[in-house]
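Working notes, structure below.
Number of protein chains: 2
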Amino acid sequence: MHSSPKPLGEFDLIERFFKTPAASQASNSAINLGIGDDCALINPPSGEEIAITSDMLVEGRHFLKGADPEQLGRKALAVNLSDLAAMGAKPLGFNLSIALPSMNEQWLEAFSKGLFSIANQFACPLIGGDTTAGPLTISIATLGSTPPGKAIRRSGSKVDDEVWVSGTMGDARLTLAALRHEIDLPINDLQKIEHRMHQPTPRIELGLRLREIASAALDVSDGLLGDLQHILRQSQVDAEIFLERLPKSDVLKKQSIQTQNQFAACGGDDYELCFTAPKNQHQTILEIGKALNLPLTCIGRIIHKKNDSPQVHILNSDGKILSDTEAAQFLKSFDHFAA
Amino acid sequence: MHSSPKPLGEFDLIERFFKTPAASQASNSAINLGIGDDCALINPPSGEEIAITSDMLVEGRHFLKGADPEQLGRKALAVNLSDLAAMGAKPLGFNLSIALPSMNEQWLEAFSKGLFSIANQFACPLIGGDTTAGPLTISIATLGSTPPGKAIRRSGSKVDDEVWVSGTMGDARLTLAALRHEIDLPINDLQKIEHRMHQPTPRIELGLRLREIASAALDVSDGLLGDLQHILRQSQVDAEIFLERLPKSDVLKKQSIQTQNQFAACGGDDYELCFTAPKNQHQTILEIGKALNLPLTCIGRIIHKKNDSPQVHILNSDGKILSDTEAAQFLKSFDHFAA
Numbered sequence: 000m001h002s003s004p005k006p007l008g009e010f011d012l013i014e015r016f017f018k019t020p021a022a023s024q025a026s027n028s029a030i031n032l033g034i035g036d037d038c039a040l041i042n043p044p045s046g047e048e049i050a051i052t053s054d055m056l057v058e059g060r061h062f063l064k065g066a067d068p069e070q071l072g073r074k075a076l077a078v079n080l081s082d083l084a085a086m087g088a089k090p091l092g093f094n095l096s097i098a099l100p101s102m103n104e105q106w107l108e109a110f111s112k113g114l115f116s117i118a119n120q121f122a123c124p125l126i127g128g129d130t131t132a133g134p135l136t137i138s139i140a141t142l143g144s145t146p147p148g149k150a151i152r153r154s155g156s157k158v159d160d161e162v163w164v165s166g167t168m169g170d171a172r173l174t175l176a177a178l179r180h181e182i183d184l185p186i187n188d189l190q191k192i193e194h195r196m197h198q199p200t201p202r203i204e205l206g207l208r209l210r211e212i213a214s215a216a217l218d219v220s221d222g223l224l225g226d227l228q229h230i231l232r233q234s235q236v237d238a239e240i241f242l243e244r245l246p247k248s249d250v251l252k253k254q255s256i257q258t259q260n261q262f263a264a265c266g267g268d269d270y271e272l273c274f275t276a277p278k279n280q281h282q283t284i285l286e287i288g289k290a291l292n293l294p295l296t297c298i299g300r301i302i303h304k305k306n307d308s309p310q311v312h313i314l315n316s317d318g319k320i321l322s323d324t325e326a327a328q329f330l331k332s333f334d335h336f337a338a
Numbered sequence: 000m001h002s003s004p005k006p007l008g009e010f011d012l013i014e015r016f017f018k019t020p021a022a023s024q025a026s027n028s029a030i031n032l033g034i035g036d037d038c039a040l041i042n043p044p045s046g047e048e049i050a051i052t053s054d055m056l057v058e059g060r061h062f063l064k065g066a067d068p069e070q071l072g073r074k075a076l077a078v079n080l081s082d083l084a085a086m087g088a089k090p091l092g093f094n095l096s097i098a099l100p101s102m103n104e105q106w107l108e109a110f111s112k113g114l115f116s117i118a119n120q121f122a123c124p125l126i127g128g129d130t131t132a133g134p135l136t137i138s139i140a141t142l143g144s145t146p147p148g149k150a151i152r153r154s155g156s157k158v159d160d161e162v163w164v165s166g167t168m169g170d171a172r173l174t175l176a177a178l179r180h181e182i183d184l185p186i187n188d189l190q191k192i193e194h195r196m197h198q199p200t201p202r203i204e205l206g207l208r209l210r211e212i213a214s215a216a217l218d219v220s221d222g223l224l225g226d227l228q229h230i231l232r233q234s235q236v237d238a239e240i241f242l243e244r245l246p247k248s249d250v251l252k253k254q255s256i257q258t259q260n261q262f263a264a265c266g267g268d269d270y271e272l273c274f275t276a277p278k279n280q281h282q283t284i285l286e287i288g289k290a291l292n293l294p295l296t297c298i299g300r301i302i303h304k305k306n307d308s309p310q311v312h313i314l315n316s317d318g319k320i321l322s323d324t325e326a327a328q329f330l331k332s333f334d335h336f337a338a
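Protein sequences, first through last, are from chains A and B.
Per numbering that gives the first Met the number 0, numbering through the first sequence is continuous, rising by one, with the last residue being 338.
Per numbering that gives the first Met the number 0, numbering through the second sequence is continuous, rising by one, with the last residue being 338.
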């Protein structure tokens with residue numbers, strides 16, 4: 000039986016663009032069997048728990064038509080790894096399912112280059128997946144592992160814990176605003192921050208170091224205050240957040256105070272970690288930040304729940320809690336089903 | 000911070016339609032943490048290997064616009080479980096990523112009903128995923144486990160092994176032909192076979208029983224002869240297949256011999272298992288079929304490779320090997336990038 004004379008079928012496509020070099024698979028000794036069978040087989044570190052996360056990116060929704068394919072490849076995997084980071088899990092490997100409107104070899108080459116650059120950087124090989132024709136959609140499922148009971152869940156925040164964030168907040172949102180011409184940003188300012196939107200860095204190493212330290216964590220994808228609510232809901236606590244403590248880049252600091260606060264507090268796509276930890280870990284956390292060359296900033300604290308549903312209380316520069324109406328303008332958190 | 004007044008956001012959607020009842024999660028003791036955190040956490044059976052598989056279903060490509068959502072929910076998970084079955088893996092849980100063109104609550108209710116009916120039947124709970132707006136696309140990643148070294152790979156076929164298939168072949172393709180009006184099928188015949196296309200049964204139990212018996216296996220999704228080639232390529236062997244031995248339903252048997260052969264040999268979407276096993280397992284395999292009330296049919300044998308690239312040699316009813324030209328008409332195997 001001879002191979003059919005199709006221009007480039009599903010199997011050729013995988014073989015050509017998505018087959019991880021054996022050397023790269025070998026870099027992760029957990030992979031027993033990669034692409035090419037009904038399933039991939041993974042041998043998790045002895046006794047460890049498996050963490051799994053999935054993200055789906057749709058053209059026109061999560062990225063613009065015509066988006067740079069190499070950046071897209073990087074980002075598609077990076078946002079998945081960011082979820083592992085938020086659990087304190089170590090990457091094992093990922094599955095890629097992709098729907099492509101056409102067989103654009105140049106696009107595929109660039110996409111796979113970006114994808115593998117992140118895969119190699121974080122020793123997280125491609126182990127399987129699916130390809131099909133369809134509207135451009137990228138769906139990635141990533142596996143990681145943690146020692147039993149050591150994953151950082153959202154439900155562990157305790158009253159008096161401090162609330163922390165890594166890096167700076169709001170630059171991805173500011174980039175988006177500039178690209179949408181909502182804000183007029185000088186080109187050299189844009190160049191300083193646009194990687195924050197296009198090439199987020201999963202904070203894997205930070206997550207691993209926070210395993211025994213943080214009481215809860217998540218990655219900031221939809222906006223800090225909205226995301227923080229998930230921790231509050233699952234931990235059944237409130238939080239006080241000092242707006243002026245939110246870490247901002249020099250570029251964002253040039254904007255109006257209102258823009259700074261809104262973008263830092265509610266802008267999505269930063270993929271930094273937000274976590275809570277007991278007060279006595281304060282110094283240790285600052286040292287982790289130094290060791291990783293990644294600013295870690297304490298932005299508030301966990302308090303007793305005041306009402307039925309957990310709340311973020313936003314404090315302005317004079318330490319005054321914003322009213323519901325005032326707070327409302329900060330709550331324009333990104334929701335994929337919102338208008 | 001109060002929940003925003005959106006009609007139905009991503010989190011409500013998950014909460015309402017996709018949150019596995021705690022009881023159902025408890026049915027699988029491997030799940031340490033389900034939906035609602037950055038990752039799900041799974042505790043695989045001690046020392047076992049993890050199997051992972053992904054499938055992406057796109058409207059207009061894998062199912063018709065307006066397809067019954069309950070059947071779609073069933074099928075979306077069933078085809079994934081079928082890959083686990085082909086490895087001899089036991090289901091652990093799955094992640095669902097879904098892009099929806101709109102919030103159609105009736106559709107979601109039916110889809111989730113179908114999905115959970117399969118999830119419950121095979122003790123494979125929904126543990127996480129992603130929802131977004133976009134062209135209707137369903138992407139599922141499923142995890143399973145096998146004792147170390149016991150997964151049935153595609154690469155294990157040996158010369159003189161017998162080639163087997165489960166169930167009957169070609170009914171899903173016949174259903175499609177009837178729905179497309181390519182073939183005029185009496186309504187009561189269609190009713191007898193259409194579940195084969197809409198509600199394929201993953202052969203999980205068969206896969207588990209074949210663990211120590213089969214030398215190679217896969218599930219037939221793209222067409223028997225085309226899929227068998229994957230085993231041949233990975234095992235570096237040829238196969239002889241007797242066309243007249245292909246198991247066919249009574250409904251398919253009413254069609255012309257040519258249609259019977261083409262649909263049974265090349266029709267996709269059957270999701271039966273094709274496997275190879277040493278001759279001395281012949282009787283054991285027949286007994287497994289009896290125990291499972293699932294016909295298992297020996298359709299040929301593995302032989303030495305005759306050329307560089309492994310081939311299926313198709314034998315007609317007088318045991319004559321079809322020429323390349325004759326064989327070509329059987330090779331219209333389904334490829335998602337073919338016209």
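Glycine included, C-beta positions come from ideal geometry on N, C-alpha and C.
All figures in this text were calculated on a predicted structure; none of them were measured in a lab.
Any C-beta of chain B within less than 9 Å: which residues of the region 73-91 of chain A qualify?
Along the region 73-91 of chain A, the positions whose C-beta sits under 9 Å from a C-beta of chain B are S81, D82, L83, A84, A85, M86, A88, L91, read in chain order.
So the alpha helix (DSSP H) B:E48 belongs to, where does it begin and stop?
Careful: B:E48 lies outside any alpha helix (DSSP H), inside the beta strand (DSSP E) at 48-57.
Is the shortest distance between the beta-carbon of A:H335 and the beta-carbons of chain B less than 8 Å?
Residue placement at A:H335 cannot be trusted, given a pLDDT of 36 that sits under 50; the coordinates are not used to answer.
When the Cα atoms are used, what is the spatial distance from B:T174 to A:F262?
As the crow flies, the alpha-carbon of B:T174 is around 54 Å from that of A:F262.
Is the separation between the beta-carbon of A:M168 and that of A:L245 shorter than 8 Å?
Taking 8 Å as the Cβ cut-off, A:M168 and A:L245 qualify as a contacting pair.
With DSSP as the reference, label A:E181 as helix, strand or coil.
Looking at A:E181 - three-state DSSP - the assignment turns out to be coil, as it is neither helix nor strand.
With 16 as the cutoff for other CB atoms within 10 Å, does A:A21 come out buried or exposed?
Only weak support is given to the placement of A:A21: the predicted model assigns it a pLDDT of 47, under 50, and the value that follows is read from those uncertain coordinates. Result: exposed.
For A:P134, I'd like the list of residues in its chain whose CB is within less than 8 Å of its CB, leaving aside the five on either flank, ordered along the chain.
So the list reads V57, E58, A98, P100, once near-sequence residues are dropped.
Residues that A:T136 contacts on chain B, provided the C-beta gap is smaller than 8 Å:
Neighbours of A:T136 on chain B, chain order: M55, V57, A98, G133, P134, T136, S138.
For B:I284 and B:L295, believed in contact at Cβ under 8 Å, the rounded distance:
That pair is a contact at about 5 Å.
With H, G and I counted as helix, E and B as strand and the rest as coil, what does DSSP make of B:H347?
Missing from the structure shown is residue 347 of chain B; chain B here goes from 0 to 338 and no further.
Considering Cα atoms alone, identify which of B:E325, B:Q310, B:D317, B:L209 is closest to B:I287.
It is B:L209 whose Cα lies nearest to the Cα of B:I287.
Entirely enclosed alpha helix (DSSP H) segments - the region 216-253 of chain A, minimum 4 residues:
Entirely contained in the region 216-253 of chain A, the alpha helix (DSSP H) runs reaching 4 residues are, in chain order, 223-234.
Close Cβ partners of B:L217 (< 7 Å) along its chain, the five nearest in sequence each way excluded
These residues qualify, in order along the chain: A85, R153, D226, H229, I230, C273.
N- and C-terminal bounds of the beta strand (DSSP E) containing A:S165:
Looking at the DSSP string, the run of the beta strand (DSSP E) that includes A:S165 is 161-165.
Going along the chain, which unbroken runs of the alpha helix (DSSP H) with 4 or more residues stay wholly within the region 88-171 of chain A?
The alpha helix (DSSP H) runs of length 4 or more contained entirely in the region 88-171 of chain A are, from start to end of the chain, 104-120.
Tell me which same chain residues have a C-beta within less than 6 Å of the C-beta of B:G127, skipping the five on either side of it?
Only I34, A39, N94 meet the Cβ criterion.
Helix, strand or coil, according to DSSP, for A:A22 in the structure here?
Only weak support exists for where A:A22 lies, its pLDDT of 44 falling under 50; the value from the coordinates is given anyway. Helix, per DSSP.
For chain B, is any of its Cβ atoms less than 8 Å away from the one on A:I320?
For A:I320, no CB of chain B lies under 8 Å from its own CB, so it is not counted at the interface with that chain.
Is B:P43 close to chain A, meaning its C-beta is less than 8 Å from at least one C-beta of that chain?
Chain A contact via Cβ: present.
Which residues of chain B have a Cβ atom closer than 8 Å to the Cβ of A:Q233, listed in chain order?
Simply G35, D36.
Whether B:Q198 touches B:Q70 by CB criterion (8 Å)
Inclusion of B:Q198 and B:Q70 in the CB contact set at 8 Å is warranted, their separation being smaller than that value.
Take B:V164 as the anchor and find which of B:H312, B:E47, B:A264, B:E181 has the nearest alpha-carbon.
The residue with the shortest Cα to Cα distance from B:V164 is B:A264.
Taking the runs of the alpha helix (DSSP H) that are 4 residues or longer, which of them lie wholly in the region 184-214 of chain A?
Within the region 184-214 of chain A, the runs of alpha helix (DSSP H) that reach at least 4 residues and sit entirely inside it are, in chain order, 186-192, 194-197, 203-209.
Look at the alpha carbon of A:E220 and the alpha carbon of A:Q254, and state the distance between them as a whole number of angstroms.
Looking at the sequence provided, one finds Ser at residue 220 of chain A rather than Glu. A:S220 and A:Q254: Cα-Cα distance of roughly 22 Å.
Is DSSP giving B:C38 helix, strand or coil here?
Residue state, collapsed to three classes: coil.
Touch test, the region 296-310 of chain A against the region 179-189 of chain A, Cβ-Cβ under 8 Å, three pairs minimum:
A contact between stretches requires three or more CB pairs, one per stretch, nearer than 8 Å, and the region 296-310 of chain A fails this requirement with the region 179-189 of chain A.
With 8 Å as the threshold, decide whether the Cβ of B:G127 is near any Cβ in chain A.
At a cut-off of 8 Å between beta carbons, B:G127 contacts chain A.
Determine, using beta carbons only, whether B:T324 comes closer than 8 Å to chain A.
With 8 Å as the cut-off, B:T324 does not count as an interface residue toward chain A.
What residues in its chain sit with their C-beta under 8 Å from that of A:G87, if we drop five residues either side in the sequence?
Excluding positions up to five away in sequence, the list reads T145, K149, A150, I151, G206, L207, L209, R210, A213, A216.
Segment limits, alpha helix (DSSP H) that includes B:A290
Note, B:A290: alpha helix (DSSP H), 281-291.
To the nearest angstrom, report how far apart A:E325 and A:K89 are at their CA atoms.
Approximately 40 Å between the Cα atoms of the pair.
Taking B:P68 and B:A109 to be in contact with their CB atoms under 8 Å, please state how far apart those CB atoms are, rounded to whole angstroms.
That belief holds up - the Cβ atoms of B:P68 and B:A109 are roughly 4 Å apart, short of 8 Å.
Please state the DSSP three-state secondary structure of A:R300.
A:R300 falls in the strand class under three-state DSSP.
With a threshold of 6 Å on Cβ separation, who are the neighbours of B:S156 within its own chain once the five nearest residues in sequence on each side are excluded?
Setting aside the 5 residues that flank it on each side, B:S156 is surrounded in the same chain by S214, A215, I230, S234, V236, T275, I301, each with a C-beta closer than 6 Å to its C-beta; the list follows chain order.
The region 198-218 of chain B: positions lying closer than 9 Å to chain A by Cβ:
The region 198-218 of chain B vs chain A, Cβ under 9 Å: A216, L217, D218.
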